[in-house]
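Inspection log for the structure reproduced underneath, given as structure tokens.
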Amino acid sequence: MASAPGGTPEGPAPSPTLPELFLGMLQVALSAFGGGLSAWSQRIVVDQRRWLTNEEFLTGLTVARLFPGPNQINMAVYIGAHFRGLQGAIAALAGMLLVPFSVLMGLGVLYFSVHELPAVDRVLAGVVAAAAGMALSMGFKILDQYWKDPIALLLAAVSLVAMESFHVRLVPLVLILGPLAMVWYWPRQRQAAAMPQKKP
Amino acid sequence: MIWISSLLAAEPVLLALRLPLAALSGEVPRSCPATSLSDWGNLLAVIWDFLSLSLFSLGGGNTLLNEYHYLSVSEHCWLTSSQFADIYALAEAAPGPSSMIVGLLGMGAAWKEGPLWGVLSGVAAEAAILLPSTLVMVAACLSWNRLRDSPWRIAFERAMGPITLGILFAVGLKILHTADTNTPGVIVSVIVCVLMLRTRISPLWFMAVAGVLGALGVINR
Numbered sequence: 005m006a007s008a009p010g011g012t013p014e015g016p017a018p019s020p021t022l023p024e025l026f027l028g029m030l031q032v033a034l035s036a037f038g039g040g041l042s043a044w045s046q047r048i049v050v051d052q053r054r055w056l057t058n059e060e061f062l063t064g065l066t067v068a069r070l071f072p073g074p075n076q077i078n079m080a081v082y083i084g085a086h087f088r089g090l091q092g093a094i095a096a097l098a099g100m101l102l103v104p105f106s107v108l109m110g111l112g113v114l115y116f117s118v119h120e121l122p123a124v125d126r127v128l129a130g131v132v133a134a135a136a137g138m139a140l141s142m143g144f145k146i147l148d149q150y151w152k153d154p155i156a157l158l159l160a161a162v163s164l165v166a167m168e169s170f171h172v173r174l175v176p177l178v179l180i181l182g183p184l185a186m187v188w189y190w191p192r193q194r195q196a197a198a199m200p201q202k203k204p
Numbered sequence: 002m003i004w005i006s007s008l009l010a011a012e013p014v015l016l017a018l019r020l021p022l023a024a025l026s027g028e029v030p031r032s033c034p035a036t037s038l039s040d041w042g043n044l045l046a047v048i049w050d051f052l053s054l055s056l057f058s059l060g061g062g063n064t065l066l067n068e069y070h071y072l073s074v075s076e077h078c079w080l081t082s083s084q085f086a087d088i089y090a091l092a093e094a095a096p097g098p099s100s101m102i103v104g105l106l107g108m109g110a111a112w113k114e115g116p117l118w119g120v121l122s123g124v125a126a127e128a129a130i131l132l133p134s135t136l137v138m139v140a141a142c143l144s145w146n147r148l149r150d151s152p153w154r155i156a157f158e159r160a161m162g163p164i165t166l167g168i169l170f171a172v173g174l175k176i177l178h179t180a181d182t183n184t185p186g187v188i189v190s191v192i193v194c195v196l197m198l199r200t201r202i203s204p205l206w207f208m209a210v211a212g213v214l215g216a217l218g219v220i221n222r
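Chains as they are written, first to last, in this note's numbering: chain A, 5 to 204; chain B, 2 to 222.
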């Protein structure tokens, strides 16, 4: 815990100011235009600007995945809050969202202006089929890590059937199943020994 | 010269054709009237909907897609189901986190008031969905040292994973229903799903190829 292994050779840089946080996250968002956002944010925040050690960065990813909200956006919040509290979080968030969100709004205006044209609708019908394939893959992507836990598979199956067949809404589903699952997974001696504690 | 004048003459005809064609694309028949946002009560209710959903965006936010569909298509009738599918595809194709789809939902809700209101409503919706989770995240960062070894944290993390898994499968099926394409379209969806899992090809390529298939009429809905 003393110093980050494989960390930066020159030691950490001084804490970034609010404008620096904004610009840093803007740089991350711009670099990641072709995808790979978290790899870019690691490269820029840890290697280039040396705001965080690698260890701190990985802790951030853990926290960002754990708490509600989009992971990459939570990561920006973590970096901002780490240095400047709420103000820092908002500056980092603004930098992260400014360009992608403006592009999206532009696309949205374009879409709502032309989507009734039959030619546009034909192309979109194809694009939508590809997007549905992407949506289908989301569950399979994380299925592996639960494969050996029958209770986890049961919980997943109950959630799926409740939503798909009985149209249970998300909030009541999480409020009912969540506490039950937490009771089951509450760390007991046996589990605590079996489960390797996640290194932050 | 002749073709220019005939083009000019054709323009009113083309414009007259636009309306029935729009009707054919499935936009006109609405089963319910869209909730208007110019009423303050409605506006606050909608903002409250997004604010309260924010804390339930498990697993990176995609778990909320069924709720978004319910709110914008079934409850408030801002979008048709196929417009929802279009918007989902648009948000996936655009750079940045795909959960920015909320901005497009907000835009759809206010589009008939004009593009400016559409953009403002989009920004408001995105801010509403991000604000609560951001506040929680800030609190979590500041108290992470205490939270890290807490049994609550461990139980929460291990409990939410499987529930997220089930919800993501339900979301995948919902988007597939919403896309509502013909058999070649469904086959393309399944192929894309397999390629997403087995290869590292950028999804934009899949969308481009499928878009061409749509233009050629192979995929339709």
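Glycine is no exception: its CB is placed at the ideal position from the N, C-alpha and C atoms. If you're wondering where the values come from, they're calculated on a predicted model, not measured in any experiment.
> Since residue 89/A meets chain B, which of its residues come closer than 8 angstroms, beta carbon to beta carbon?
Replying inline: If you number the first sequence from 1, residue 89/A lands on position 85. Per Cβ cutoff of 8 angstroms: 139 and 143.
> Is DSSP giving residue 60/A helix, strand or coil here?
Replying inline: Indexing the first sequence from 1 puts residue 60/A at position 56. Residue 60/A falls in the helix class under three-state DSSP.
> How many Å lie between residue 109/B and residue 119/B at the Cα?
Replying inline: Walking along the second sequence from the start, residue 109/B turns up at place 108. Walking along the second sequence from the start, residue 119/B turns up at place 118. The alpha-carbon atoms of residue 109/B and residue 119/B are separated by roughly 7 angstroms.
>> Helix, strand or coil, according to DSSP, for residue 165/B in the structure here?
In response: The sequence position of residue 165/B within the second sequence is 164, counting from 1. In the three-state scheme derived from DSSP, where H, G and I count as helix and E and B as strand, residue 165/B is classed as helix.
> DSSP on residue 67/B, reduced to helix/strand/coil?
Replying inline: Within the second sequence, numbered from 1, the residue matching residue 67/B stands at position 66. DSSP, read as helix, strand or coil, puts residue 67/B in helix.
> the stretch 64-91 of chain B: which residues have C-beta closer than 8 angstroms to a C-beta of chain C, in chain order?
Replying inline: Among the chains of the structure shown, chain C does not appear; the protein chains present are A and B.
> With a cut-off of 8 angstroms, does the C-beta of residue 221/B fall near any C-beta of chain A?
Replying inline: By 1-based counting over the second sequence, the position of residue 221/B is 220. Residue contact check for residue 221/B against chain A: a CB pair falls below 8 angstroms.
>> Check whether chain B comes within 8 angstroms of residue 203/A, counting only Cβ atoms and requiring the distance to be less than that.
In response: What you label residue 203/A is simply residue 199 of the first sequence in a count that begins at 1. Legend: pLDDT at residue 203/A = 44, less than 50; position of this residue unreliable, value from coordinates given subsequently. Output row for residue 203/A: interface = no.
>> Under DSSP, the alpha helix (DSSP H) around residue 135/B begins and ends at which residues?
In response: Here residue 135/B corresponds to residue number 134 of the second sequence, with the count starting at 1. Note, residue 135/B: alpha helix (DSSP H), 116-143.
> From this set, 157/A, 67/A, 86/A and 189/A, which residue's C-alpha is nearest residue 1/B's C-alpha?
Replying inline: The structure shown has nothing for residue 1/B, since chain B only spans 2 to 222.
>> Strictly below 8 angstroms CB to CB, what residues from chain A border residue 116/B?
In response: On the second sequence, position 115 is the one that residue 116/B refers to. Under the 8 angstroms cutoff, chain A gives 113, 116 and 117.
> So what's residue 220/B in DSSP terms, helix, strand or just coil?
Replying inline: Working through the second sequence from its first residue, we reach residue 220/B at position 219. In the three-state reduction of the DSSP assignment, residue 220/B falls in the coil class, being assigned neither a helical nor a strand state.
> Which bits of chain A does residue 112/B rub up against, with CB to CB less than 8 angstroms?
Replying inline: By 1-based counting over the second sequence, the position of residue 112/B is 111. Within chain A, the residues near residue 112/B are 116.
>> Just to confirm, is the Cβ distance from residue 83/A to residue 56/A under 8 angstroms?
In response: Taking the first sequence and counting its residues from 1, one reaches residue 83/A at position 79. Taking the first sequence and counting its residues from 1, one reaches residue 56/A at position 52. In contact: residue 83/A and residue 56/A (Cβ atoms closer than 8 angstroms).
>> Within a Cβ cutoff of 6 angstroms, which residues of the same chain sit near residue 19/A, ignoring the five residues on either side of it in sequence?
In response: Within the first sequence, the letter at position 15 stands for residue 19/A. The residues 87, in chain order, have a CB closer than 6 angstroms to that of residue 19/A in the same chain once the five nearest residues on each side in sequence are set aside.
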